[in-house]
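Residue numbers for the first sequence follow this note's numbering, so the first one is 454 and each next one is one higher. C-beta: ideal position from N, C-alpha, C; glycine also.
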Amino acid sequence: MSKKVRVRFAPSPTGGLHLGGVRTVLYNYLFAKKYGGDFLVRIEDTDQSRYVAGAEEYIFETLKWCGLEPDESVQHGGEYGPYRQSERKASYRQYAEKLVNDGHAYYAFDTTEELEKMRHDLKSAENHSPQYDHTVRLKMRNSLTLSPEEVNTLLKLETRHVIRIKMPDHENISFIDMIRGEVHFDSSLVDDKVLLKADGMPTYHLAVVVDDYLMKISHAFRGEEWLPSAPVHILLWKYLFGLENMPKWAHFPLILGPNGKLSKRDGAKFGFPVFAMNWTDPKTNELTEGFKEKGFLPEAFINLLALLGWNDGTEQEIFSKEELIQKFSMERVHSAGAKFDYEKAKWFNHEWIKQSGVGGLESGVKTLLVQNDITVNNDALLHKVIELVKDRCVLLSDFVNQSSFFFKAPETLDVDAVKPKWNDDKKNFFIAYSEKLQSVGEWNALALENSFKELAVEKAIKPGELQLPFRIMLVGGKFGPPVFNIAELLGKEETTARINKAINLFV
RNA sequence: GGCCCGUUCGUCUAAGGGUUAGGACACCACCCUUUCACGGUGGUGAUACGAGUUCGAAUCUCGUACGGGCUACCA
């Protein structure tokens with residue numbers, strides 16, 4: 454057995470990839486990279502009825518945006534493919550049949566109606582959902598109750614059937630979870646899960662064990678919702694490949710929404726994204742908004758996700774991917790679920806925007822401006838604008854409001870903010886200032902401010918009272934960086950043009 | 001109902017028997033700024049409850065309560 458760490462992310466292509474899913478990939482990825490191991494992606498698509506067109510491509514696009522792609526040589530270069538379970542169909546049945554032959558599983562011929570009847574008849578106040586377990590299996594139609602001849606006949610006639618695991622009576626099943634420590638189960642309380650479906654496809658339970666063995670997975674990490682089925686998987690390992698070959702397990706805590714497990718609906722309901730990237734359901738045309746489109750930087754997204762359930766024990770909160778790889782440890786992953794807080798998520802993004810260099814922001818900002826019909830034909834100006842404005846942008850999309858007026862004169866001005874205190878003296882000041890600007894020697898913020906103040910003193914008006922009108926003239930509203938910096942970047946021609954145009958609008 | 005996991009400020013969390021229970025987000029106040037932010041300083045605010053072990057418990061044990069997950073021929 455290879456000593457190398459091999460972990461996998463195993464999504465089912467049923468549409469979208471939410472926070473919990475991305476965090477699962479992240480932790481898998483970080484763990485693999487930390488120990489110099491392999492990270493691969495296996496697609497769990499054994500339920501063809503739930504497969505959504507485009508969902509698999511979407512998953513890989515998301516991983517790409519997040520920077521969590523599997524190494525090409527691992528994903529496609531190894532001898533462990535294929536990576537789509539539907540393409541591995543042929544190999545599963547033999548394992549299921551081996552289990553039957555060894556007495557650990559059995560054929561079950563019950564029809565859907567018979568199963569429904571059983572559940573209905575056995576349902577009571579003490580038992581909300583009756584299971585197909587050791588107490589009922591001898592009352593059903595399966596190879597445990599039928600004679601070998603009958604079973605053979607049914608199989609020869611290709612009667613629809615499944616293969617179920619035969620859970621042992623009162624066996625204590627336990628394993629060590631890397632996050633939670635020792636976890637115990639009583640096998641009598643677990644039902645006889647279907648391993649091979651009537652269509653010949655394996656269920657997740659069989660597939661995950663067989664694939665993990667065949668792909669030599671050394672560590673298997675997944676969400677906490679899988680904890681209850683762990684005893685089935687452990688038994689399968691014991692019966693099929695030996696407990697000593699079983700991967701080490703860890704079950705991540707759930708990411709919670711305002712009420713319970715975070716769901717797709719929470720996003721629409723509470724106004725925050727729950728998917729990494731926009732996802733449009735091809736069947737319903739319903740759009741679920743993504744962090745990417747909302748204006749998040751992938752670095753910030755990864756960072757905030759990593760800290761939702763893990764920390765390095767210090768007070769550091771901002772981590773690059775490289776730092777996360779270096780500092781991540783499974784032992785420090787929490788065992789309790791974490792409620793997602795959008796405000797904190799935005800804070801992470803703000804921090805990342807502030808510490809990003811102009812170069813890292815440039816292309817994103819540019820496409821955003823272009824999308825909003827702003828023409829950017831001066832990259833040098835764009836650089837200066839980004840530098841000047843980025844501290845006040847929480848989301849990438851904030852760059853639109855914060856910087857479009859540098860490239861395009863505001864269409865409407867917030868005249869109401871100026872009108873009440875506007876008078877002829879102020880009007881005359883701006884007429885004079887506009888003229889004075891023509892002879893300013895060096896066009897920079899400091900010079901502009903000095904000449905502005907000189908003129909104000911000359912006209913006996915407090916400079917402070919003139920700054921807001923000036924801002925409204927240039928920007929259109931009460932926001933943005935310091936006015937004189939704006940004027941500097943706008944240039945002489947544009948600044949005077951905006952002043953002259955606005956002067957008569959405040960009456 | 002049964003099984004499993006969990007429980008420190010509103011939220012994310014630190015503190016692995018001895019701390020005035022620390023930090024961050026959010027909130028409030030003040031400072032900076034005659035725009036909006038950034039930034040700075042300070043503040044409100046938590047060990048679910050009850051027993052036990054111990055000189056000493058947020059920390060270990062048990063019980064209770066509460067929360068979450070699972071209970072499909074879905075993953």
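Could you pull the DSSP bridge partners for residue i from this structure?
i, result
"D491", "R459"
"P676", "Correcting the residue identity first, residue 676 is Gly in this sequence and not Pro. According to DSSP, which records beta bridges pairwise, G676 is partnered with F705."
"Y559", "R617"
"W763", "V786"
"E635", "I629"
"F728", "H471 and G743"
"L649", "I616 and P655"
"K874", "In DSSP, K874 forms no bridge with anything."
"K714", "L709"
"A791", "I708"
"N595", "A561"
"T733", "L740"
"I496", "R537"
Quick one, are the C-beta atoms of residue i and residue j less than 7 Å apart?
i, j, result
"R951", "V936", "no"
"R461", "I670", "yes"
"R590", "D645", "yes"
"Q538", "D498", "yes"
"E946", "N897", "no"
"G930", "D867", "yes"
"F959", "V871", "yes"
"R503", "A463", "no"
"L680", "H704", "yes"
"T564", "V505", "no"
"A753", "N802", "yes"
"G490", "K517", "no"
"V451", "L821", "Given that the chain is displayed from residue 454 to residue 960, the structure contains no residue 451 and the question cannot be resolved."
"Y545", "P655", "yes"
"H581", "Y692", "no"
"Y533", "M668", "yes"
Pull up the distance between the alpha-carbon of residue i and that of residue j, whole angstroms please.
i, j, result
"G810", "F749", "16 Å"
"R617", "G817", "53 Å"
"M734", "T741", "Residue identity check: residue 734 is Asp in the sequence provided, not Met. The straight-line gap from Cα to Cα measures roughly 8 Å."
"G812", "F781", "28 Å"
"H787", "G724", "27 Å"
"M454", "E746", "Model confidence at M454 stands at a pLDDT of 43, short of 50, so the residue's coordinates are unreliable; what they give is reported in the following sentence. Between M454 and E746, the C-alpha separation is close to 44 Å."
"S887", "N881", "10 Å"
"N698", "V662", "11 Å"
"G530", "T948", "60 Å"
"T515", "V847", "22 Å"
"L707", "P726", "17 Å"
"L599", "A485", "48 Å"
"P934", "K837", "12 Å"
"S465", "T865", "50 Å"
"P711", "W763", "20 Å"
"R459", "P751", "25 Å"
"L927", "N756", "37 Å"
"K874", "L919", "10 Å"
"P535", "V615", "25 Å"
"G469", "F744", "12 Å"
"K736", "D500", "17 Å"
"F883", "I914", "12 Å"
"I778", "I512", "22 Å"
"D794", "E776", "23 Å"
"L568", "R613", "14 Å"
Pick out whichever of the options has its Cα sitting closest to the Cα of residue i.
i, options, result
"P700", "L707, N712, I687 and G710", "I687"
"A791", "C846, L709, A862 and E752", "L709"
"A798", "L758, K717 and I778", "L758"
"L761", "T767, S582, V458 and L472", "L472"
"Q769", "E804, G743 and E796", "E804"
"G634", "W702, K542 and L608", "W702"
"S682", "S716, L696 and V647", "V647"
"K819", "A833, Y692 and L693", "A833"
"Y548", "T612, L689, F772 and Y511", "L689"
"L899", "P684, N481 and I939", "I939"
**Item:** At least 3 beta-carbon pairs within less than 8 Å: the segment 826-843 vs the segment 856-867
**Value:** Because the criterion of three Cβ pairs below 8 Å is met, the segment 826-843 and the segment 856-867 touch.
**Asked** Contact between the segment 512-526 and the segment 565-583: three or more CB pairs below 8 Å?
**Response** No: fewer than three Cβ pairs fall under 8 Å.
**Asked** Do three or more CB pairs link the segment 637-651 to the segment 618-627 at distances below 8 Å?
**Response** Counting Cβ pairs under 8 Å, three or more are found: they touch.
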